[in-house]
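Asks:
Residue numbers (the working numbering): 3 to 112.
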């Protein structure tokens with residue numbers, strides 16, 4: 003029995019790429035829509051993007067649906083908790099509504 007994808011994750015980088023989704027999860031993840039993470043900024047360390055709080059800035063991305071198994075795989079891929087953290091943050095959808103979703107943040111990256 004397959005798990006239904008009910009967990010919402012904001013992607014601003016690697017997981018937006020369908021080829022990466024196929025490689026990591028073995029499937030294309032369902033997209034809820036475009037969204038914005040306000041008062042955060044994307045930085046790049048060598049080759050990987052990460053977000054940190056920065057008032058007045060914003061990050062554009064996609065909200066993806068995952069199931070629990072896929073979220074666990076994403077945690078491993080993102081090296082949670084040593085490199086990235088998975089936090090529940092407010093995301094603004096295209097229609098202006100706000101939703102709490104998981105975001106992989108770079109609070110540990112200096």
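Beta carbons are placed, not taken as given, at the ideal position from N, Cα and C, and that holds for glycine.
Can you name the start and end residues of the beta strand (DSSP E) that residue 37 belongs to?
Replies: Taking the chain shown and counting its residues from 1, one reaches residue 37 at position 35. Here the beta strand (DSSP E) through residue 37 covers 33-47.
Asks: List the residues that DSSP assigns as beta-bridge partners of residue 52.
Replies: One-based indexing of the chain shown puts residue 52 at position 50. DSSP, once it has assigned bridges, lists 45 as partnering residue 52.
Asks: Starting from the C-beta of residue 70, find all residues in its chain whose C-beta is less than 8 Å away, skip the five residues before and the five after it, and write them out in chain order.
Replies: As a working mapping, residue 70 is identified with position 68 in the chain shown. 5, 9, listed in sequence order.
Asks: What are the boundary residues of the beta strand (DSSP E) that residue 92 is part of?
Replies: Here residue 92 refers to the residue found at position 90 when the chain shown is read from its first residue. Note, residue 92: beta strand (DSSP E), 87-95.
Asks: According to DSSP, is residue 26 helix, strand or coil?
Replies: As a position in the chain shown, residue 26 is number 24, starting the count at 1. Residue 26 falls in the helix class under three-state DSSP.
Asks: Counting along the chain, where does the alpha helix (DSSP H) carrying residue 102 start and finish?
Replies: Counting from one through the chain shown, the residue named residue 102 turns up at place 100. Run containing residue 102: none in the alpha helix (DSSP H); it sits in the beta strand (DSSP E), 100-107.
Asks: Taking the Cβ atom as the reference point for each residue, do residue 68 and residue 31 lie within a distance shorter than 8 Å?
Replies: In the chain shown, counting from the first residue as 1, residue 68 sits at position 66. In the chain shown, counting from the first residue as 1, residue 31 sits at position 29. The answer is yes: Cβ separation under 8 Å.
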